[in-house]
Each structure stands twice: as structure tokens, then as C-alpha cells.
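The structure appears right after this line, and notes come after that.
In the working numbering, the protein residues as written are 1184 to 1507.
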């Protein structure tokens, strides 16, 4: 190794010695990888020690570890069951965009990656956290993704709004927390931030009617939340997603083998729809169905959540074998 590489290793060695928690994290993360890499490297570079391999992997893994450390702790939605009463809750449209978490300084994806925006976009953002969806219009997810994921932001950002459904770490219930942002926006009129309107649920059937209205307009679904709940993270029973899916039939043309926990079982079905469109169904099966999959030529029903711009089924899920 050259002097520059040795200098890097000396600095890394010093850092690890003074950071036990970092060293333990590295060890648990790449211990098995180090053993594997040793098998690959030692035959060619017999003098390379395990310690140096660990250090090499530290350098390679550090960006991923830093990204994980930057990952925001978010609240997530459970699926709505219409047997559960949500009278007294609030409901809102579920926007099909890119999750954007503002931590007071940076705009992050749900995975912790910084979203690169034009300077003007976040110029008047608040000094506190807000959480929502970066969005343009209904049925425009692919365009939104194209805009948001660019490292060099372009003029299309003018079409983006930040639809806010949560103000983390503020006191009180949901509406109290949203009011904190509402008060801030009174002093900052020129901002892409929009607070998602919350409608009170006064009777159970109101949710289904609201969902029908949203879907009819091309929307994705509805979110119902208990407004009395204080801010929490994780998947919450007080925050539920309501979606209306479509279903159709297809014919099994191939049974594809599974991997991992599905080894020696069916992994997915390749099916043909009436118009000749092919769709792969990989979820929705019971363990018994994976052991004994529908035979080739069988008609099955699957659900999906609309079509992409290319006409592909969004999130296809197996439902059942069609009864002839």
C-alpha cells in the first residue's frame, strides 16, 4: 500500500480506538462480509491482514452507515378495517407523492437521503420539523419522482407543492400540531408548503363516500387519524390508510420458483391478461398456495391500484383462483 493509503488507515484506526460504539457497529455490520472478502482477497494479496480488510470495508460502508444514521424516525400508516369505528376522527386525501421530511435544516426522503431542491424552494421553510408529500397533481407519481430524485434540480420544481400532514414533536393533538405550522405560514405567504385539509368524520359511512369521491377524481386513497393522539412514530393504529383497489382476471402461463424463505416453493406467477398484457403476481399467497400453486392455464383474480403511464398494473396482488 502507498503512503496515502497508510495515512488513511492510521486516521481510521485512531477514530475507531476513540469510538467504541462506532467500532461495535462496524463489527456487527461487516464481520461476515469481512470473512467472505478474506477468502476472495487473500489468495492474491496474502499479506493483507483481516484488520486491514475490516478497515477497507469500514471505508466502503461508512456512507451507508451515515445515511442510516440520518434516516428520520417517521410515523407510518396501518390499513383501515371498516369494522373499526372512526367516528370523531378526521380524514384527508392520501397524496401519491414522494415523502418529504423537513428536519428544520434539510429536506430528506423517508430513507434519510437529502432531497436536492432549488434554493428558493426551501427559502422560507420553518425552523422546526414538518412531514408530508412532495406532490404535483393526481396520477402524476412518475413525474414527481423524476423531479425530486434529480441531483441537479430544474424548473419543474415550480410545479411541486409540499402537502403537509404532520408537524412532529409539537405538543397537543394533530390539529394543535398543524396549527403551529398554520401560524408560521401566516408570516411566510410565498412558500410551496400546503397543509392538507382534515375533515371530521361524523358517521362511519362517510369514509367510504369520501374515498369514492377521491378515487373518482383520480386520487390514491384516504387517511383517517385520531386527532387526539399525541405525536408518535412507528406504525400506528391511530393513523390508517384507506384505499379502493381494482381487480381483474388473468391466466397463469408460468410458475416461477421462489428464493430465500420461498426456496422449493412457488415465488410468483406469470400471468396473461385478456389483452395480452403480462403481469407477475408475487404477493397475496398463503403458504399452502405457495406449496401448491395454481396450475398453468388456471384463471386467477388479482387486485391492483391503477395503471402506470406505461399501462402497467400498479402493485398487483393475488386474490384468489377464479371460480368458473
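The beta carbon of each residue, even a glycine, is placed where N, CA and C say it ideally should be.
Enclosing beta strand (DSSP E) for residue i [first to last residue]
i            : result
residue 1346 : 1344–1349
residue 1330 : No beta strand (DSSP E) holds residue 1330; the alpha helix (DSSP H) holding it covers 1324–1331.
residue 1486 : 1482–1487
residue 1462 : 1461–1464
residue 1341 : Taken as a continuous stretch (DSSP letters only), residue 1341 belongs to no beta strand (DSSP E), as it is neither H nor E.
residue 1502 : 1500–1504
Own chain, CB closer than 7 Å to residue i, minus 5 neighbours either side, in chain order
i            : result
residue 1218 : Because the pLDDT of residue 1218 is 38, which lies under 50, any placement of that residue in the model is unreliable, and the question is left without a value.
residue 1258 : 1349, 1415, 1416, 1417, 1419 and 1422
residue 1282 : 1292, 1293 and 1316
residue 1456 : 1431, 1433 and 1462
residue 1502 : 1430, 1467, 1484, 1485 and 1486
residue 1201 : Residue placement at residue 1201 is poorly supported in this model, since its pLDDT is 46, which falls under 50; the coordinates still yield a value, given next. Excluding positions up to five away in sequence, the list is empty.
residue 1203 : Low local confidence applies: a pLDDT of 42 at residue 1203 is under 50, so the model's placement there is unreliable, and no value is given.
residue 1262 : 1423 and 1424
residue 1328 : 1281
residue 1491 : 1325 and 1497
residue 1458 : none
Close-in-space but distant-in-sequence residues of the same chain around residue i (CB under 6 Å, 5 per side omitted)
i            : result
residue 1409 : 1272 and 1421
residue 1228 : With a pLDDT of 40 at residue 1228, under the threshold of 50, the predicted position of this residue should be treated as unreliable, though the coordinate-derived value follows. Within the same chain, residue 1228 has no close Cβ partners at all.
residue 1411 : 1356
residue 1371 : 1307
residue 1230 : Here residue 1230 scores only 49 on pLDDT, less than 50, and its place in the model is too uncertain to base an answer on.
residue 1427 : 1394 and 1398
Enclosing alpha helix (DSSP H) for residue i [first to last residue]
i            : result
residue 1442 : Counting along the chain, residue 1442 falls outside any alpha helix (DSSP H), and DSSP gives it neither H nor E.
residue 1377 : First-last for residue 1377: 1376–1378, but that is the beta strand (DSSP E), not the alpha helix (DSSP H).
residue 1363 : 1357–1368
residue 1474 : 1470–1474
CB-CB length for residue i against residue j, believed under 8 Å
i            : j            : result
residue 1319 : residue 1299 : With 8 Å as the limit, residue 1319 and residue 1299 do not qualify as a contact, their Cβ atoms being about 17 Å apart.
residue 1487 : residue 1429 : 6 Å
residue 1376 : residue 1275 : Wrong, their Cβ atoms sit about 16 Å apart, outside the cutoff.
residue 1269 : residue 1407 : 5 Å
residue 1287 : residue 1301 : Actually they are not in contact, since the Cβ atoms of residue 1287 and residue 1301 sit about 19 Å apart, beyond 8 Å.
residue 1364 : residue 1313 : 6 Å
residue 1450 : residue 1439 : 5 Å
Beta-carbon contacts of residue i that lie in its chain and below 8 Å, excluding the five residues immediately before and after
i            : result
residue 1494 : 1460
Just to confirm the assignment: which complete beta strand (DSSP E) runs, minimum length 3, are found wholly within the region 1387–1457?
1404–1408, 1417–1426, 1429–1440 and 1449–1455
Taking only runs that begin and end inside the region 1249–1273, name each unbroken beta strand (DSSP E) of 3 or more residues, in chain order.
1258–1262
Under 8 Å, with one C-beta from each stretch per pair, do the region 1393–1400 and the region 1326–1344 reach the 3-pair mark?
no
My parser needs the beta strand (DSSP E) runs of 3 or more residues fully inside the region 1273–1319; what are they?
1273–1277, 1281–1285 and 1313–1318
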